[in-house]
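Below is one structure, written out as structure tokens, with a few remarks after it.
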Amino acid sequence: MERLLVTGGAGFIGSNFVHHLMEHTDLRVTVLDKLTYAASKESLEGLPEDRVQLVVGDIAEAEVVDPLVAEHDAVVHYAAESHNDNSLHDPSPFIKTNILGTFTILEAVRKHEKRLHHVSTDEVYGDLELDDPKRFTEDTPYNPSSPYSASKAGSDHLVRAWVRSFGVQATVSNCSNNYGPWQHIEKFIPRQITNVIDGIRPKLYGSGENVRDWIHADDHSSAVLTILEKGRIGETYLIGADGEKNNLEVVQLILTLMGQPADAFDHVTDRAGHDLRYAIESGKLRQELGWSPQFQDFESGLADTIEWYQAHEDWWRPHKDAVEATYAEKGQ
């Protein structure tokens, strides 16, 4: 494998993967990205131009996707609409990108007989009770609760159907919540960090008891690369780093790390259909493929993330007022 096509590679998780590839492999990478509001050319700046090429285009358009797939050895499919709140406001882009876009990718890899890895989310499983000792596994039934998670569930089912019906050489991964550099400030952790930088009190949905299983984006990247290289065709692997924290704990830790009182936040209106708890059991990935996370100390990883947003204000600053205005309209 010499040439890799990465869809959504200018977004948060995708761009972190491209950076990871540049550091740990000799691959040449083409990024296919529509460059919507959540992606940016800046996330790929500084990478070697002889190894990374950006193509601006839509994964739902076969005339864009087909020739790119033909000239690459494999595809890693990150591209997706991913913000739950946006899916509640207007589900249509989620259906087009996450379902139709994945269909388009699948037809291209089927035609050209290329390897595919499809990146998905733990949100397809719904949620767990706060006191439930269980975690999500590869055998957990799908139970999506939002247009976003439903569209991702649909895309996962398409991949598995194309493997079974057409022999497509594909794997699937479902990952827990990512944090790290280049994440759009509409998302939970960067929103709170940039609020504190601006002297604005962080905003906490409801009581803050909702639990997420946090993983650093670089650990997600190393897991995806491991699956691409070693994963068994047709298999699904769950990616997690044992990082369960409730939202209250995360906000308090951000405040503490940034030198503020741990109670200097405001409770705001909870999000509609807000899932209670996500928790990943990644034993299959660790035992079968030998993967393990490097950022096992959430506090240290969060401190590095805070420093990144402090140092890259020129990147997020132009979007801050609009993001806060949108949340303010919803009482959040």
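So for the sequence shown, full-length UniProt numbering puts the first residue at 1; every next one is plus one. Glycine is no exception: its CB is placed at the ideal position from the N, C-alpha and C atoms. It should be emphasised that the depicted structure is a prediction, and the values quoted were computed from it without experimental measurement.
Item	Value
Buried or exposed: where does Tyr278 fall if 16 or more other Cβ atoms within 10 Å of its Cβ makes it buried?	buried
Is Lys152 buried or exposed, if buried means 16 or more other CB atoms sit within 10 Å of its CB?	buried
For the region 107–123 against the region 63–76, are there 3 or more C-beta pairs whose distance is under 8 angstroms?	yes
Are Phe265 and Leu204 touching if we call contact CB-CB under 8 angstroms?	yes
Taking C-alpha atoms, which residue in Ile99, Trp316, Gly273 lies nearest to His77?	Ile99
Please specify which runs of the beta strand (DSSP E), each continuous and at least 3 residues long, are wholly inside the region 57–106, giving them in chain order.	74–77
In the DSSP assignment, find the unbroken alpha helix (DSSP H) run with Asp297 in it and report its ends.	Taken as a continuous stretch (DSSP letters only), Asp297 belongs to no alpha helix (DSSP H), as it is neither H nor E.
Give a yes or no on contact between the region 253–271 and the region 46–60, applying the rule of three or more CB pairs nearer than 8 angstroms.	no
Identify the residues that DSSP records as bridge partners of Phe265: which are they?	Looking at the DSSP assignment, Phe265 forms no beta bridge with any residue, so it has no partner.
Can you pull the DSSP bridge partners for Ala170?	Leu116
Given a threshold of 16 other Cβ atoms within 10 Å of its Cβ, counted over all protein chains shown, does Ser222 qualify as buried or as exposed?	buried
Just the C-alpha distance for Ile105 and Val168, rounded to the nearest angstrom, thanks.	11 angstroms
Do you know whose CA, among Glu313, Gly243, Arg232, Pro141, lies nearest Val196's CA?	Glu313
For Lys134, report the span of its alpha helix (DSSP H) as first-last.	Lys134 -> no alpha helix (DSSP H), and no H or E assigned at all.
With a cut-off of 8 angstroms, do at least 3 Cβ pairs link the region 14–24 to the region 86–99?	no
Return yes when the Cβ of Asp198 is within less than 8 angstroms of the Cβ of Gln294, no when it is not.	no
Please report how far the alpha carbon of Glu129 lies from the alpha carbon of Leu248, in whole angstroms.	17 angstroms
Looking at Glu81: is its Cβ nearer than 8 angstroms to the Cβ of Tyr142?	no
Determine the DSSP secondary structure at Glu216, reduced to helix, strand or coil.	A small correction: the amino acid at residue 216 is His; Glu does not occupy that position in the sequence shown. Three-state DSSP puts His216 in a strand.
From the DSSP output, which residues share a beta bridge with Gln53?	Thr30
Could you tell me the alpha carbon to alpha carbon distance between Leu4 and Ile227, rounded to whole angstroms?	14 angstroms
According to DSSP, Tyr179 sits in a beta bridge with which residue or residues?	His216
Taking the alpha carbon of Phe166 as the reference point, which residue from Ser282, Arg110, Val55 has its own alpha carbon closest?	Arg110
Looking at Trp182 and Ser43, is the spacing between their C-beta atoms short of 8 angstroms?	yes
Measure the alpha-carbon distance for Trp214 versus Glu244 and round it to whole angstroms.	6 angstroms
Mind checking whether Val31 and Val64 have CB atoms under 8 angstroms apart?	no
With the cut-off set at 8 angstroms, would you say Gly206 and Asp275 are in Cβ contact?	no
Bridge partners for Glu244 per DSSP, in chain order?	Asp213
Once you ignore the five residues that flank Met22 on each side, which residues in its own chain have a CB closer than 6 angstroms to its CB?	Leu47
Within a Cβ cutoff of 7 angstroms, which residues of the same chain sit near Gly101, ignoring the five residues on either side of it in sequence?	Ile59, Ala60, Ala79
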